[in-house]
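Numbering (the numbering used here), first residue to last: 45 to 86.
The structure appears right after this line, and notes come after that.
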Amino acid sequence: MTLTKQQVREFIKESNLVSANNEQNALKDLFKETIQEMLEVI
45 MTLTKQQVRE FIKESNLVSA NNEQNALKDL FKETIQEMLE VI
């Protein structure tokens with residue numbers, strides 16, 4: 045899945061990303077279901 049620059053800007057704005065820690069937490073939330081599924085397969 046490829047995101048456009050506009051989609052990335054909207055994600056940053058909606059997630060209120062003002063620090064690296066905010067960004068890390070937002071990405072964890074975004075991908076947690078996918079990561080969980082991957083771990084269950086292993």
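C-beta: ideal position from N, C-alpha, C; glycine also.
- prompt: Considering only the beta carbon of each residue, do Leu61 and Ala70 sit closer than 9 Å?
  reply: In this structure, Leu61 lies near Ala70, with their beta-carbon atoms less than 9 Å apart.
query: Does DSSP put Ser59 in a helix, in a strand, or in coil?
result: Three-state result, Ser59: helix.
Residue range of the alpha helix (DSSP H) that includes Ile79: Segment 64–85, the alpha helix (DSSP H) holding Ile79.
C-beta contact flag for Ser59 and Asn65 at 9 Å: Between Ser59 and Asn65, the gap from beta carbon to beta carbon reaches 9 Å or more.
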